[in-house]
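Numbering (our numbering), first residue to last: 5 to 246.
Just so you know, even glycine gets a beta-carbon here, dropped at the ideal spot from N, CA and C.
Keep in mind the model is a prediction, meaning the values are calculated, not measured.
Here's the structure, in structure tokens; my notes come after.
Right under this line is the structure:
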């Protein structure tokens with residue numbers, strides 16, 4: 005009997021040991037599950053991280069700043085030009101034919117300083133074949149601008165004048181040219197055939213435009229004479245003519 009009881013106790017102890025082993029295995033399994041859960045959480049965190057574009061944003065901002073600086077430089081270039089005063093404007097007029105009759109009309113001084121404004125005024129004229137704007141500044145240079153519908157032609161007889169006068173600079177910009185060095189030789193730029201159908205051939209226009217020793221107002225007078233506009237031109241200018 006005593007021996008049987010001892011064996012029973014031994015069996016109980018063995019059962020306890022197996023139970024401990026099972027508990028330990030369960031704990032390890034639980035720990036492994038916890039670790040897997042942590043890995044999943046880390047993966048979710050990694051997936052939720054947004055790529056840092058801070059450096060790219062800085063580069064974009066830097067490019068924008070450079071563009072702004074370039075724009076400011078262009079504005080500064082425009083600001084360097086003082087408008088021609090009324091004393092410096094020899095004349096600014098529009099020439100056109102209405103019903104075949106030559107007509108000359110004086111234009112506001114702003115048209116002698118702003119090509120866009122000159123074009124806008126010429127568009128309002130009822131010319132049979134468009135209208136021609138003629139500008140002479142300080143006896144130094146002249147600008148011709150012809151508007152026929154959507155077609156715009158311009159001629160500046162001295163490109164170097166674009167270093168000092170806004171209307172001359174506007175013509176250079178309109179033609180897509182570079183402003184010449186102030187020490188460069190004077191030369192006409194633009195459409196020499198601007199009035200070829202109005203009695204002024206491109207050869208004659210070139211000859212007039214390149215006469216840099218002559219007063220620019222007188223040069224325009226020669227163009228007007230070839231166009232057969234002398235009488236209305238002189239009448240429009242009165243005593244202020246060239």
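query: Check whether the Cβ atoms of residue 144 and residue 220 sit closer than 7 Å, and answer yes or no.; result: yes
query: Quick one: residues in its chain with C-beta nearer than 6 Å to the C-beta of residue 231, no 5 flanking neighbours on either side, listed in chain order?; result: 202 and 203
query: At 3 residues or longer, and completely inside the stretch 145-208: list those beta strand (DSSP E) runs for me, N to C.; result: 145-152 and 155-160
query: In or out: residue 124 buried (at least 16 other Cβ within 10 Å) or exposed?; result: exposed
query: Using the DSSP secondary-structure output, state which residues sit across from residue 95 in a beta bridge.; result: 140
query: Considering only DSSP beta bridges, list what residue 135 is partnered with.; result: 151
query: For the pair the stretch 204-215 and the stretch 106-122, tell me if three or more CB-CB distances fall below 8 Å.; result: no
query: At which residues does the beta strand (DSSP E) containing residue 222 begin and terminate?; result: Note, residue 222: premise wrong, no beta strand (DSSP E); alpha helix (DSSP H) at 220-230.
query: Would you check if the distance between the CB atom of residue 134 and the CB atom of residue 150 is smaller than 7 Å?; result: yes
query: Taking all protein chains shown into account, do 16 or more other C-beta atoms lie within 10 angstroms of the C-beta of residue 164, making it buried, or fewer, making it exposed?; result: buried
query: Per DSSP, what kind of secondary structure is residue 106 in: helix, strand or coil?; result: strand
query: Quick one: grab the DSSP three-state call for residue 101.; result: strand
query: Please tell me whether residue 236 and residue 107 are closer than 7 Å, where the distance is taken between their beta carbons.; result: yes
query: Helix, strand or coil for residue 112 per DSSP?; result: coil
query: Run through DSSP, which three-state label would residue 236 get?; result: helix
query: Should residue 139 and residue 96 be called a contact, given that it needs their Cβ atoms to be closer than 7 Å?; result: yes
query: Roughly how many whole angstroms lie between the Cα atoms of residue 118 and residue 161?; result: 17 Å
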